[in-house]
Amino acid sequence: MPPKRTSTSEAPTITQAAIKKLVANSVSAALEAQAANMENTDNTTRPREAPVARQCSYKEFMSFQPINFKGTKGVVGLIRWFEITESVFSHSNYTEDCKVKFATSTLIKEALSWWNSFAQPIRIE
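At position 50 of the sequence shown (counting the first as 1) the number is 50 in the numbering used here, and the numbers step up by one without a gap.
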């Protein structure tokens with residue numbers, strides 16, 4: 001068994017007050033740096049507020065030409081359906097309720113049968 005290492009110098013102790021002061025100084029410095037950075041940048045580069053989700057019509061949703069998903073094209077078909085459906089939703093800003101209703105309206109054949117067997121037991125309309 002290797003011998004234990006002993007140190008002749010003690011580690012400096014730091015108090016809670018010193019820790020609080022270090023944190024406060026770091027936060028102050030970060031806030032000052034951010035304020036200076038914002039003053040030097042153009043206001044048009046600030047992130048915009050997220051738009052408010054809105055109700056929508058089925059006719060409007062269909063105008064985006066979503067694809068139907070049959071459930072017969074395997075993983076590739078499913079991924080393609082996800083990508084196109086998510087693309088429609090990213091442009092539309094629909095409420096979550098609208099997204100579910102409209103996405104499931106594009107399911108046909110085997111995919112629709114699967115959805116109905118899934119949704120019915122948990123009472124999704």
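For each residue, glycine too, the CB sits at the ideal point set by N, CA and C. None of the values given here were measured: they were computed from a predicted structure.
Give the secondary structure of residue i by DSSP, where H, G and I count as helix, E and B as strand, and everything else as coil.
i: residue 69; result: strand
Are the CB atoms of residue j and residue i within a distance shorter than 8 Å?
i: residue 106; j: residue 64; result: no
i: residue 110; j: residue 77; result: no
i: residue 58; j: residue 89; result: no
i: residue 56; j: residue 92; result: yes
i: residue 84; j: residue 66; result: yes
i: residue 114; j: residue 104; result: no
Since residue i is in the alpha helix (DSSP H), which residue starts that stretch and which ends it?
i: residue 85; result: 74 to 92
i: residue 104; result: 96 to 104
i: residue 117; result: 109 to 119
Answer with yes or no whether the minimum CB distance from residue i to chain C is below 8 Å.
i: residue 88; result: Structure shown: chain C not included; a single protein chain is present.
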